[in-house]
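Have a look at the structure below, then the notes.
Structure below.
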C-alpha cells in the first residue's frame with residue numbers, strides 16, 4: 004500500500020493499477036504518459052528486466068485500448084551499464100512500440116547524459132519517421148544550441164525547466180534566468196518546429212505564453228503535467244481542446260523516486276507539498 008502522499012503522485016505498484024488510473028484520466032479527456040519507476044542501474048540484469056517490462060506495458064496499453072504512451076529513462080534501461088546496453092534495450096522498446104502503435108518518449112536526465120540521449124533520439128526519430136520523443140531542459144545553457152539540431156528532425160520535443168541541480172558552469176541559476184531561457188526556447192520551438200511542441204510545465208504563465216505562441220504561429224502543441232499536480236487545470240485544458248497528457252509514474256520503487264527527487268533539489272519537496280495542499 005502506498006502512503007497517502009505517495010499515492011498522490013504514483014499510480015500504484017503494478018501496470019494493471021496504472022492502466023486503471025489511465026482510464027480515469029481518459030474519462031476526463033486527459034491522455035497519459037506511463038513511466039515505470041527505476042533508474043541508475045549499474046548491472047545489466049535489472050536494466051534488461053525493466054526494458055522487458057516496458058515492452059509488456061506497451062502490449063498491455065494496446066490490449067486495454069487506453070490513450071497512453073510510455074516514457075523511459077536512459078539510466079533505467081542500461082546507460083549506466085554502457086552505451087551498448089542502453090541502445091539495445093531502447094531499440095527493442097521502440098520496435099515493440101512500432102508494432103503496437105505506441106509512442107515512446109526518452110526522458111532526459113542530468114547533463115552528463117545529454118549527448119548520448121540526443122544521439123539515440125535522432126537515430127530512432129529518423130528510423131520511425133517521428134514516432135519517438137525526447138525531453139530537453141531549459142536550465143542547461145547548451146539547450147539553446149540543442150534545440151536548433153532538434154528542429155531539423157522528425158518526432159516530438161518536450162520542453163521542461165529542468166529538475167536536476169546542475170553545476171553553475173553548465174546551467175542557468177535562479178528562477179528568473181531559467182524562466183527567461185524557457186520563454187526563448189518556447190518561442191524558437193513554435194517558430195521552427197513542424198511536428199509540434201510539448202510544453203512540460205505547471206507554470207500558468209508559461210502555459211499562457213504557449214497558447215499565445217500557438218495563436219500567433221499556428222504550431223500544434225500539447226501540455227504535459229505530472230500526476231498529482233494541478234489536475235484540475237489538466238482537465239480544464241483538455242476540455243478546452245488542448246491535447247493534455249498526465250505523466251504517470253508507477254512501480255514498487257516509489258520510495259527511491261521521492262528520495263532522489265528531494266535529494267537532487269530541496270525545492271522539489273516544497274513543490275510536492277504545494278501540489279498536495281492545492282490539489
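Residue numbers (the working numbering): 4 to 282.
Yeah, the Cβ is synthetic: ideal placement off N, Cα and C, and Gly gets one too.
Values in this document were obtained by computation on a predicted structure and should not be read as measured data.
Query: Could you spell out where the alpha helix (DSSP H) holding residue 62 opens and where it closes?; Result: 47–67
Query: Residue 37 and residue 251 - do their beta-carbons sit closer together than 8 Å?; Result: yes
Query: In terms of alpha-carbon separation, which member of 64, 51, 56 lies closest to residue 26?; Result: 64
Query: Would the segment 178–193 and the segment 131–138 be scored as touching if the rule is three or more Cβ pairs under 8 Å?; Result: no
Query: What residues match up with residue 72 in a beta bridge as DSSP calls it?; Result: 36
Query: Is there contact here, the segment 102–110 with the segment 139–148, by at least three beta-carbon pairs under 8 Å?; Result: no
Query: Threshold first: 4 residues or longer. Then list the alpha helix (DSSP H) segments lying entirely within the segment 207–266, N to C.; Result: 207–220, 234–242
Query: Tell me the DSSP secondary structure of residue 282 in three-state form.; Result: Model confidence at residue 282 stands at a pLDDT of 43, short of 50, so the residue's coordinates are unreliable and nothing is read from them.
Query: Can you give me the C-alpha to C-alpha distance between residue 351 and residue 78, rounded to a whole angstrom?; Result: Nothing about residue 351 can be read from this structure; the chain reaches only from 4 to 282.
Query: Measuring straight from C-alpha to C-alpha, what distance separates residue 249 and residue 35?; Result: 5 Å
Query: If you draw a straight line from the C-alpha of residue 201 to the C-alpha of residue 85, how long is it?; Result: 29 Å
Query: How far does the beta strand (DSSP E) with residue 136 in it reach, from first residue to last?; Result: 135–140
Query: In this structure, how does DSSP classify residue 200 when only helix, strand and coil are distinguished?; Result: strand
Query: Please look up how many angstroms separate the CB atoms of residue 224 and residue 213, rounded, as I've assumed it's under 8 Å.; Result: 6 Å
Query: Would residue 32 pass as a contact of residue 233 if the rule is Cβ separation under 8 Å?; Result: no
Query: Let me know the secondary structure DSSP gives residue 94 once reduced to three states.; Result: helix
Query: If you drop the 5 nearest sequence neighbours on each side, which residues of the same chain put their C-beta closer than 7 Å to that of residue 220?; Result: 193, 194
Query: Quick one, which of 72, 174, 88 has its alpha-carbon nearest residue 114's?; Result: 174
Query: What does DSSP give as the partner residues of residue 162 in its beta bridges?; Result: 139, 202
Query: I need the boundaries of the beta strand (DSSP E) containing residue 107, first residue and last residue.; Result: 107–109
Query: Quick test of your reading: residue 138 and residue 161, contact by CB under 8 Å. State the CB separation rounded to the nearest angstrom.; Result: 4 Å
Query: Short of 6 Å in beta carbon distance, which residues of its chain neighbour residue 71, apart from the five on each side in sequence? Order them along the chain.; Result: 25, 35, 37, 64
Query: Please report how far the alpha carbon of residue 9 lies from the alpha carbon of residue 20, in whole angstroms.; Result: 14 Å
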